Amino acid sequence: MAEQLDLPYAGVASFGHRPFLTEPEQLDAWKPDVAIVGAPFDVGTTNRPGARFGPRAIRATAYEPGTYHMDLGLEIFDWLEVVDFGDAYCPHGQTEVSHANIKERVRAIASRGIVPVILGGDHSITWPAATAVADFHGYGNVGIVHFDAHADTADEIEGNLASHGTPMRRLIESGAVPGSHFVQVGLRGYWPPQDTFEWMLEQKMTWHTMQEIWERGFKAVMDQAVSEALAKADKLYVSVDIDVLDPAHAPGTGTPEPGGITSADLLRMVRQLCYEHDVAGVDVVEVAPAY
Numbered sequence: 034m035a036e037q038l039d040l041p042y043a044g045v046a047s048f049g050h051r052p053f054l055t056e057p058e059q060l061d062a063w064k065p066d067v068a069i070v071g072a073p074f075d076v077g078t079t080n081r082p083g084a085r086f087g088p089r090a091i092r093a094t095a096y097e098p099g100t101y102h103m104d105l106g107l108e109i110f111d112w113l114e115v116v117d118f119g120d121a122y123c124p125h126g127q128t129e130v131s132h133a134n135i136k137e138r139v140r141a142i143a144s145r146g147i148v149p150v151i152l153g154g155d156h157s158i159t160w161p162a163a164t165a166v167a168d169f170h171g172y173g174n175v176g177i178v179h180f181d182a183h184a185d186t187a188d189e190i191e192g193n194l195a196s197h198g199t200p201m202r203r204l205i206e207s208g209a210v211p212g213s214h215f216v217q218v219g220l221r222g223y224w225p226p227q228d229t230f231e232w233m234l235e236q237k238m239t240w241h242t243m244q245e246i247w248e249r250g251f252k253a254v255m256d257q258a259v260s261e262a263l264a265k266a267d268k269l270y271v272s273v274d275i276d277v278l279d280p281a282h283a284p285g286t287g288t289p290e291p292g293g294i295t296s297a298d299l300l301r302m303v304r305q306l307c308y309e310h311d312v313a314g315v316d317v318v319e320v321a322p323a324y
C-alpha cells in the first residue's frame, strides 16, 4: 500500500510526500527538524488574487519521488526530518482571524524548537508568522532577509494596515524585528514612494536593488547580503516573495515586476544563507498558480 501512495500523482498531496500531521501533540512524537505549514490567505492582495491556492499548488509540484541531492551528495531526509503540518485555518475575508490562526500554527512549531516553513498566501502572512518566531526566540534576536520586488513597508494601502504591502512595517513597529535587522534583496519598479524609503532609512533598514545587482554582479551582492545578515541577529528568518523573480521565471504571482533575478540565483542565495546562518523560519509567498 505504501508503494501505491508514493506515486507522484497519487495519495495525499503532502509536501515532498512527507508525513502529514494535524495536531501539535504529533510534533512532540515525531520531533522533526522542519515542519511545513500552509497559510492559504490572500485577502491582503491589491492586484491579482489567487495566492490562497499557493500552498496546495506548491505541495502538488512534488512530481519526482527522488530525494538525493546531487550537489551535496546525500539523501536529504537521512539528515533532515521534515513533516507537513497542514494548513492554518484561514476563513476567506476574515483577516484578523486568519492572521491569528497563522500565528498560532507557526508558534506551535517554533515553540518546540522546530523550524517552520510557511507556504503562502499573500505577503501579509509574514507579519503573524515572523512574529510567532520572534515570540519564541525573543524580540530583537531575529533578523529577516527579504527577497522581493517590493519593500512591503507601506503604512497602509487603501486603508488596510494588514495588506501584503505593509507586513515589514508592522513587524518593525511592533518591535518583533527591528528595522536594523532587515536585509532586502531584489527591489525594483516604482513602488513604494520616496517618503517610504526615507522612513526605511530612519529605521536603519538595508536593501539591495536590482540596479545594484546589475552593476555589481549577483555574486558580490549576494556575499554582502549574507554578511550583513550574519552581523545583524542571532537567528534568521528568510522571506521569499516569488515576485522577486523575473516574470519569465515565475509568471504565477499577483504583482509581477519585469527585470527580476533568475530562479538559479535565488536558489544559490537561499542555500548560502541556510548553509552559513542559523535559520529559524522561512516563508514562500505570493505564489498564485492561476497565472
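Here the numbering used here runs 33 ahead of the position in the sequence shown, where the first position is 1.
Virtual Cβ for every residue (Gly too), placed ideally from N, Cα, C.
The structure displayed is predicted, hence computed values, not measured ones.
Fill in: Uninterrupted beta strand (DSSP E) stretches inside the region 126-180 (no shorter than 3 residues)
Segments of the beta strand (DSSP E) lying fully in the region 126-180: 148-153, 175-180.
Discussion item. If you reduce the DSSP assignment to three classes, tell me which class residue 260 lands in.
Written reply: Here residue 260 refers to the residue found at position 227 when the sequence shown is read from its first residue. Residue 260 falls in the helix class under three-state DSSP.
Discussion item. Please state the DSSP three-state secondary structure of residue 68.
Written reply: The sequence position of residue 68 within the sequence shown is 35, counting from 1. Looking at residue 68 - three-state DSSP - the assignment turns out to be strand.
Discussion item. Within the continuous alpha helix (DSSP H) that includes residue 303, where are the two ends?
Written reply: Taking the first residue of the sequence shown as 1, we reach residue 303 at position 270. Residue 303 -> alpha helix (DSSP H) spans 296-309.
Discussion item. At 4 residues or longer, what runs of the alpha helix (DSSP H) sit wholly inside the region 214-261?
Written reply: At a cut-off of 4 residues, the continuous stretches assigned as alpha helix (DSSP H) that sit fully inside the region 214-261 are 227-235, 243-249.
Worksheet entry | Three-state secondary structure (DSSP) of residue 277 | For this step, residue 277 is matched to residue 244 along the sequence shown. DSSP places residue 277 in helix when its eight states are reduced to three.
Discussion item. Using a 10 Å radius around the Cβ and a threshold of 16 neighbouring Cβ atoms, would you call residue 249 buried or exposed?
Written reply: Taking the first residue of the sequence shown as 1, we reach residue 249 at position 216. With fewer than 16 other Cβ atoms within 10 Å, it is exposed.
Worksheet item: What residue from 78, 270, 47, 125 has the CA that sits closest to residue 89's CA?
Response: Against the sequence shown, residue 89 aligns to sequence position 56. The candidate whose alpha carbon is nearest that of residue 89 is 47.
Worksheet entry | Per-residue DSSP class, three states only, for residue 272 | Counted from its first residue, the sequence shown places residue 272 at position 239. Three-state result, residue 272: strand.
Worksheet item: For residue 56, does the three-state DSSP call read helix, strand or coil?
Response: By one-based count along the sequence shown, residue 56 stands at place 23. Residue 56: coil per DSSP, three-state reduction.
Worksheet item: Within 10 angstroms of its Cβ, does residue 252 collect 16 or more other Cβ (buried), or is it exposed?
Response: As a working mapping, residue 252 is identified with position 219 in the sequence shown. It is exposed - the Cβ of residue 252 has fewer than 16 other Cβ atoms within 10 Å.
Practice prompt. Please confirm if the region 264-279 is in contact with the region 315-323, defined as three or more CB-CB distances below 8 Å between the two stretches.
Written response: yes
Item to complete: Tell me whether residue 125 is buried or exposed, calling it buried when 16 or more other Cβ atoms sit within 10 Å of its Cβ.
Response: Numbered from its first residue, the sequence shown carries residue 125 at position 92. Burial call: exposed.
Worksheet item: If we cut at 9 Å on Cβ distances, does residue 94 have a partner in chain C?
Response: The structure shown has no chain C; it contains just one protein chain.
Fill in: Simplified DSSP state of residue 119, which is helix, strand or coil
Against the sequence shown, residue 119 aligns to sequence position 86. Residue 119: strand per DSSP, three-state reduction.
Worksheet entry | Inter-residue spacing [alpha-carbon to alpha-carbon] between residue 142 and residue 149 | In the sequence shown, counting from the first residue as 1, residue 142 sits at position 109. In the sequence shown, counting from the first residue as 1, residue 149 sits at position 116. Taking the straight line joining both Cα atoms gives about 6 Å.
Worksheet item: Is DSSP giving residue 316 helix, strand or coil here?
Response: Working through the sequence shown from its first residue, we reach residue 316 at position 283. Residue 316: strand per DSSP, three-state reduction.
Worksheet entry | Own chain residues within Cβ distance below 7 Å of residue 65, not counting five before or after | For the purposes of this step, residue 65 is taken as residue 32 along the sequence shown, with counting starting at 1. The beta carbon of residue 65 sits closer than 7 Å to the beta carbons of 114, 115, 116, 147 from its chain, once the five residues preceding and following it are set aside; these are given in chain order.
Discussion item. Please state whether the Cβ-Cβ distance between residue 241 and residue 222 is less than 9 Å.
Written reply: Here the question's residue 241 lines up with position 208 in the sequence shown. Here the question's residue 222 lines up with position 189 in the sequence shown. By the CB criterion at 9 Å, residue 241 and residue 222 fall outside the cutoff.
Worksheet item: Quick one, are the C-beta atoms of residue 82 and residue 262 less than 9 Å apart?
Response: Here the question's residue 82 lines up with position 49 in the sequence shown. Here the question's residue 262 lines up with position 229 in the sequence shown. Cβ distance not < 9 Å, so residue 82 and residue 262 don't count as in contact.
Worksheet item: How close, in whole Å, do the beta carbons of residue 196 and residue 190 come, if the pair is a contact with beta carbons under 8 Å?
Response: On the sequence shown, residue 196 is found 163 positions in, with the first residue counted as 1. On the sequence shown, residue 190 is found 157 positions in, with the first residue counted as 1. About 4 Å; that satisfies the 8 Å criterion.
Item to complete: Leaving out five residues on either side along the sequence, give the residues of the same chain with a beta carbon under 6 Å from the beta carbon of residue 52.
Response: Your numbering for residue 52 matches position 19 in the sequence shown. Within the same chain, residue 52 has close Cβ partners 116.
Practice prompt. Check the C-beta distance from residue 128 over to residue 76 and give it rounded, since I have them as a contact under 8 Å.
Written response: As a first step, residue 128 is located in the sequence shown; it is residue number 95 there, counting from the start. As a first step, residue 76 is located in the sequence shown; it is residue number 43 there, counting from the start. Confirmed, about 5 Å.
Worksheet item: Where DSSP assigns a beta bridge to residue 193, which residues make up the other side?
Response: Here residue 193 is taken as the residue at index 160 of the sequence shown, counted from 1. For residue 193, the pairing in a beta bridge is given by DSSP as 190.
Item to complete: Please state if the CB of residue 323 and the CB of residue 293 are separated by a distance shorter than 9 Å.
Response: Translated into the one-based positions of the sequence shown, residue 293 becomes position 260. Translated into the one-based positions of the sequence shown, residue 323 becomes position 290. Remark: C-beta atoms of residue 293 and residue 323 do not approach each other more closely than 9 Å.
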